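Novice:
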Amino acid sequence: MGKSEQAAAPMEAVREDVRRALREDVGAGDVSAGLLPGDAHAAAEVVAREECVLCGRDWFDEVFRACDERIEVRWRIAEGGTTTAGGSVCELEGPVRG
9 MGKSEQAAAP MEAVREDVRR ALREDVGAGD VSAGLLPGDA HAAAEVVARE
59 ECVLCGRDWF DEVFRACDER IEVRWRIAEG GTTTAGGSVC ELEGPVRG
């Protein structure tokens with residue numbers, strides 16, 4: 009078994025974690041997102057504040073998949089990889105309302 013296979017989380021557990029977290033955090037809806045035009049798109053970059061080891065890509069990906077499958081996540085470092093303070097972790101692009 010390779011390193012990536014060892015690090016992969018059981019996806020059903022990841023999905024359930026994300027569903028539970030979104031139910032708690034978003035509840036009946038996102039009031040702020042409702043203020044934006046329905047066809048608005050945005051791009052963002054996740055930047056490390058300090059040197060770190062990336063852990064949790066499966067959960068991160070699943071959050072955005074659950075919100076809107078059209079959101080694209082482009083990873084700059086692999087699960088278990090490292091980056092320095094100010095390093096780009098990933099970029100996201102897609103609709104702001106899902």
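When the count follows the numbering used here, it moves up by one through the sequence shown with no breaks and lands on 106 for the last residue. Cβ coordinates follow ideal geometry from the N, Cα and C atoms, glycine included. Remember, it's a predicted structure, so these values are computed and weren't measured experimentally.
For residue 42 and residue 48, I'd like the C-alpha separation in whole angstroms.
Specialist: Looking at the two C-alpha atoms, the distance is approximately 11 Å.
Novice: Please give me, in chain order, every unbroken run of the alpha helix (DSSP H) with length at least 4 that falls completely inside the region 57-83.
Specialist: 65-75
Novice: Three or more C-beta pairs under 8 Å: does that hold for the region 51-64 against the region 90-97?
Specialist: Per the Cβ contact rule, the region 51-64 is in contact with the region 90-97 (3 or more Cβ pairs under 8 Å).
Novice: Return the residue from the list 79, 83 and 91 that minimises the CA-CA distance to residue 101.
Specialist: 79
Novice: Do you know how far the Cα of residue 44 is from the Cα of residue 66?
Specialist: 28 Å
Novice: Helix, strand or coil: which one does DSSP assign to residue 105?
Specialist: coil
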